[in-house]
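First the structure, in the form of structure tokens, and then the observations on it.
Here it is in structure tokens:
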């Protein structure tokens, strides 16, 4: 392993690109992307080391840490490769490059540069080599990527310089104590579980799943210790409670079983082995409110295979989120290989899953992710037996395929796709066009079409200034627009047995009753966007035709004139 070697150009086989362009991707396609990410990280590391080479530091110089890391890679290549490819390692490299260019902040630069020593210590332990480093300790803590964290007893608070040594798989860490003198910990990270009190050595947590046929267990890191597990900023370790970690294990095991559907790889089908790390986002109780879907998840192109997730209430929600975020990872890796579009980053496009205008790159990411989500629900529909499960799966399959195809059309008509970008988006279009011809339970299909129309109508009412336009790129936006809660996407997922509200009547297929209730609200607040969107959609269901199509196309024309932009 070297950051100085000249790497041959990457050439993706056409068949692998075609798999990814269709929204899916076999294990071979994902492995190719991971090899490309490896090469990218080595190139970025070479750039970073050049910036840090002359950095004044009280720690062991980065050049020495890199030498130890490479030496360990020669003796024990597989575990050291895992360290290099771990999502937090990519996060650290990119964060440090932003630091040296002045576009990110964090602890003192020398302390963050010292994270390379922590990587080298982990590599040295795997390889059984001997080394001694001066390292940065924060409140006596030394995170070891891929292994866990050492916590000195009664340490000096704040940032301090300590010493760490490896020999034959044993690690010794020494640092200043709280009063005077020094404190020391000796452990064997590759073999040792948490100590009795869990005070000095905290091993890395993992999530495991063994297939129904007894296949080898899949192991995914449950990352709560690495300081570069966040999307950008340095984040202190936050150890999960044991009951929280057990709940994550339960959900992951069930989610992995949901995803283990036999068949050819395709959009929405994820082998859990493709996931490298899950970062618990925020803290939740063991029994969060029974919402059916994850509300917050995120990923970064710098951290291939990693994802931040708020623990959901169900394994089904977790499985859907794993699909969604892995789609983002795959597309980010493709964007590192190919220029897919020319984006001026202006936020002016409608994304059916967002309440705010998006730029083209964001729209492409959403289209790719939600094509995968549509495939996920297509598989759930194929395997559903109970009526309620059939209705829910049919609704989300119909909704996400329709929304994704709308975004794909916007991308294809934008005039900003490159040759590779047009090939990719055309692949998505082919997948979605095939799915749009597949049968869905009629009631679920009707609710999905209604939900899609409601979202787009309310989006335009809340965001767009009434004005004649020729294309989405010509839209003018309200200066007073704000974020708004999308209550309908999940609210229309099931048909209510005893509808009461206007939305519930619409979900039940009674547009006339819904129209009356929306009108009652509008009598007191004529421009209230939520009710007005419902009234417009209900009206167009009852009175379809050219006027209805025009009202749906530009619902903002029904509003009072807005302030000039």
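Residue numbers (the working numbering): 5 to 569. We put the beta carbon where it would ideally sit given N, CA and C, even for glycine. Predicted, not measured: the structure shown is a model, and the values here were computed from it.
Worksheet item: At what residues does the alpha helix (DSSP H) containing residue 252 begin and finish?
Response: For residue 252, the uninterrupted alpha helix (DSSP H) segment begins and ends at 246-263.
Original post:
From residue 556 to residue 337, what distance separates their C-alpha atoms?
Top reply: 37 Å
Residue 449 and residue 501 - do their beta-carbons sit closer together than 8 Å?
no
On the DSSP bridge list, what partners appear for residue 599?
Any answer about residue 599 is impossible in this case: the structure gives the chain only from 5 up to 569.
Next on the checklist: Taking the straight line between their C-alpha atoms, what separation do you get for residue 408 and residue 431?
Outcome noted: 12 Å
Check this for me: beta carbons of residue 414 and residue 367, under 8 Å apart or not?
yes
Check: Taking just the CA atoms, how far does residue 378 sit from residue 370?
Finding: Roughly 12 Å between the two C-alpha positions.
(message) DSSP has residue 153 in a bridge; who is on the other side?
(response) 147 and 206
### Task
Have a look at residue 546 and residue 399 and give me their C-alpha separation to the nearest angstrom.
21 Å
* Measuring CB to CB, does residue 330 end up less than 8 Å from residue 283? -> Taking 8 Å as the Cβ cut-off, residue 330 and residue 283 do not qualify as a contacting pair.
- For the alpha helix (DSSP H) holding residue 279, just list the boundary residues, first then last. Counting along the chain, no alpha helix (DSSP H) covers residue 279, and no H or E run does either.
**Message:** Taking the straight line between their C-alpha atoms, what separation do you get for residue 50 and residue 232?
**Reply:** Computed Cα separation, rounded: 19 Å.
Check: Whose C-alpha, out of 388, 437, 353 and 491, is nearest the C-alpha of residue 467?
Finding: 353
query = Candidates 214, 526 and 454: which alpha carbon is nearest residue 493's?
reply = 454
Taking 8 Å as the cut-off, does the segment 66-78 touch the segment 314-321 (at least 3 CB pairs, one atom from each stretch)? no
Can you give the beta carbon distance from residue 226 to residue 260, rounded, assuming they're within the 8 Å contact cut?
No, residue 226 and residue 260 are not in contact; Cβ-Cβ is about 13 Å, not under 8 Å.
(message) Quick check on the DSSP output: the beta strand (DSSP E) that includes residue 168 runs from which residue to which?
(response) 163-171
- Is residue 356 near the ligand GTP, with its Cβ less than 7 Å from a heavy atom? The ligand GTP is not among the ligands present in this structure, which contains no ligands whatsoever.
query: Based on Cα-Cα distance, which residue from 190, 83, 372 and 173 lies nearest to residue 179?
result: 190
Next on the checklist: Residues in the same chain with beta-carbon distance under 7 Å from residue 356, minus the five sequence neighbours each way, listed in chain order, please.
Outcome noted: 407, 410, 411, 456, 459 and 460
Considering only residues of the same chain and omitting the five flanking positions on each side of residue 539, which have a CB-CB separation below 7 Å?
-> 519, 522, 523 and 526
>> Please state whether the Cβ-Cβ distance between residue 63 and residue 138 is less than 8 Å.
In response: yes
Would residue 305 be called buried (16 or more neighbouring beta carbons within 10 Å of its own) or exposed? buried
Can you find the residues in the same chain that come closer than 8 Å, C-beta to C-beta, to residue 499, ignoring five residues on each side of it along the sequence?
395, 447, 451, 511, 512 and 513
Backbone CA spacing between residue 107 and residue 13 [nearest angstrom]:
30 Å
On the DSSP bridge list, what partners appear for residue 159?
181
Fill in: Cross-strand partners of residue 139 (DSSP beta bridge)
166
Cβ-Cβ distance between residue 205 and residue 136 below 8 Å = no
request  = Taking residue 20 as the reference, give the member of 270, 245 and 534 with the closest Cα.
outcome  = 270
Mind checking whether residue 148 and residue 126 have CB atoms under 8 Å apart?
yes
Check: CB residue 462 to CB residue 534, shorter than 8 Å?
Finding: yes
Next item on the list: Using alpha carbons as the reference points, say which of 80, 115, 543 and 372 lies closest to residue 60.
Entry: 115
Residue 188 (DSSP reduced to helix, strand or coil)
Three-state DSSP puts residue 188 in a strand.
| field | residue 311: first and last residue of the uninterrupted beta strand (DSSP E) it sits in | value | 310-313 is the span of the beta strand (DSSP E), which, as asked, contains residue 311.
Practice prompt. State the beta-bridge partners of residue 30 as determined by DSSP.
Written response: In DSSP, residue 30 forms no bridge with anything.
query: Over what stretch of residues does the alpha helix (DSSP H) that includes residue 488 continue unbroken?
result: Run containing residue 488: none; DSSP gives neither H nor E here.
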